[in-house]
Every structure is written in structure tokens, then in C-alpha cells.
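Here the sequence shown stands for residues 2 to 252, where the numbers follow the working numbering. Remarks on the structure that follows.
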Amino acid sequence: MSALEILGIAALGLTSGLMIGCIGIGGVILVPALVFLGGIPIKIGIPAVMVAYMLSGLVASIVFARNKSIHWSMAGWLCAGAAPTAFAGAWAASALNSRALELGLGLLILLSGLNALRTSHVDPDAHAVSNVTLMGIGAGTGFLSSLSGTGGPLVLVPVLTALNLPVLMAVGLSQAIQLPVAVAATVGNVLYSKVDLALAGVLAASLMAGSWYGARLAHALPRQALRRIVSVVLVFIGIYILANVAWSAMS
């Protein structure tokens, strides 16, 4: 990679990390930008970003944990469901056409964002979700995240906000799930694909920096403002994914 390419990838990682750390959503821009702006093959881009998510997830989780914003019992059940399916998702990414899954993901994100915009009050007891449900949510998150290279938060935050969990709790849980998803996916990618360590290193460093500052910003924002930001970003990302699927279908 040239110096200019490294700077461009680092800027992209910093922006994505800032969004991931603050609102739990940002990985969605990373793989498409690497592919369409950087000219990096998607089967190289996805394994590299999954390696980078290991470090960014660890950094953001530390910040959220220090602020007591991670519900650890819920996180444990989510991670237990996510780890094995993330490994399966790495295999699927090397073997399957994911357009139908992208369509479902886009609809999930859009509808979750609209629901969060509509819901102005969050029940303080809304986080009483059963362990079986949490494992199921974790399993779906692990598979879809590994398959798409989005790391976990993009799938998990919409689901948890749709269940009316407090937004800071949803973002905190999304940080905790990044690490096991990324580790399992990377093991699968090492077996089934190729990992560009130079690209992964640049992304890891920039994502870590962005995630650190983003996580600190999340705790500085008023809760209602944070929920509104998450909701609006979900709506726009859902529209973006659906538009991209439609464009691909017509091409």
C-alpha cells in the first residue's frame, strides 16, 4: 500500500470507529468503502475488518465497562449464542450469495429505526429479556455480522432498540459482542479465506482510536439525544442497504 492509501484507509477506520464507539453503528460503511473507494476485493476486505474489530471491540468495551454501561449477564448469553454462528458465517461468506440476507438486514435496520423514532418512552423493566431469547439474538447477530463484515453492533443495536432497551445499554452490549464475534470469524477466515495482515493492522489502529473517543462521547451525550441519533442513523443505513440491493438487482 502507498502512503496515500494508508492515510485514506486510516481516515475511513477512524470515522467508522467513532460511529461504532458512540452509537454502535459504523461498520456498515467500512467494507463497502474499502471495496468501492479503495478497490479492495470484498473477500479480502471482510477478513481484514474482522481482525480489526477484535481490538476496537476490546477498547470500546473497556470504556463502557468503566462507566458501568454493560449489563454483563445479558452480554454473556448474547456472546454464547454469537461465537459459534460467527464461525459459520465466515464459511458462508466464502460460499454464499448474500443478497437475500442483505435485503433482510436492510429491512430489519430500517424498521427498527422507525420504531425507535416512534417510541419516545422506554420502560425501565424492558431489559427483562429471557436468556433463551438473548442466545437466539446472539446467534443471528454472530452469523449475519461475520457474513457481512459489520462486526456485531449493526445487527444487534436495531434488535435491542426494537425491544425498547435503553439506548446506552443496547450500545454497550453491542460493544461487548464485537470481540467474540470477531475472534470466531477470524478463526473461520484463516481456515476458509485469506487475511491481509497489513490492511488489518491499519484498520485496527484507526478503529481503536475512533472507538475510544466515540465511546467517551456516548457517555457525554444526553440519553434522549443519543437515542434520537441512533434512530435516525438506523433509518438512513436501512435505506442505503435496501437501495444498494435494488441497484445490484437491476445491474
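We put the beta carbon where it would ideally sit given N, CA and C, even for glycine.
Using 8 Å as the threshold, is the C-beta distance between residue i and residue j below it?
i	j	result
Ala-219	Leu-227	yes
Asn-196	Val-36	It should be noted that the sequence gives Val, not Asn, for residue 196. Not closer than 8 Å, so no.
Val-182	Ser-212	no
Val-184	Met-55	yes
Ala-140	Ala-83	yes
Gly-14	Leu-155	no
Ile-63	Gly-173	no
Ile-178	Thr-142	yes
Leu-135	Leu-79	yes
Phe-88	Ala-201	no
Gly-215	Leu-5	no
Ile-21	Ala-61	yes
Ser-10	Gly-39	As written in the sequence, residue 10 is Ile, which differs from the Ser given in the question. It is a contact, given that the beta carbons lie within the stated cut-off.
Trp-92	Gly-189	yes
Met-2	Ala-199	yes
Note down the Cα distance separating residue i from residue j, rounded to an integer number of angstroms.
i	j	result
Ile-47	Gln-176	19 Å
Ala-221	Val-233	19 Å
Pro-42	Leu-235	26 Å
Val-231	Trp-73	22 Å
Ser-249	Arg-67	43 Å
Met-251	Lys-69	47 Å
Val-133	Val-191	30 Å
Ala-34	Ala-12	11 Å
Pro-167	Phe-65	14 Å
Tyr-193	Pro-223	44 Å
Gln-225	Ser-131	26 Å
Leu-112	Ile-24	17 Å
Is residue i helix, strand or coil when you go by DSSP?
i	result
Ser-131	coil
Lys-195	coil
Lys-69	coil
Gly-25	coil
Gly-165	Looking at the sequence itself, residue 165 is Asn, so the reference to Gly does not match. Of the three classes helix, strand and coil, the one that applies to Asn-165 here is coil, per DSSP.
Met-55	helix
Ile-41	coil
Ser-212	helix
Leu-222	coil
Met-2	coil
Gly-153	coil
Short of 7 Å in beta carbon distance, which residues of its chain neighbour residue i, apart from the five on each side in sequence? Order them along the chain.
i	result
Gly-107	Gly-239, Ile-242, Leu-243, Val-246
Leu-59	Leu-180
Asp-124	Legend: pLDDT at Asp-124 = 47, less than 50; position of this residue unreliable, value from coordinates given subsequently. So the qualifying residues of the chain are Asn-165.
Leu-115	Val-236
For residue i, which residues from the same chain have a beta carbon less than 6 Å from its beta carbon, with the 5 sequence-adjacent residues on both sides left out?
i	result
Ile-138	Val-160
Leu-31	Ser-17, Val-50
For residue i, which residues in the same chain have their Cβ closer than 8 Å to its Cβ, ignoring the five residues on either side in sequence?
i	result
Ile-45	Lys-195, Asp-197, Leu-200
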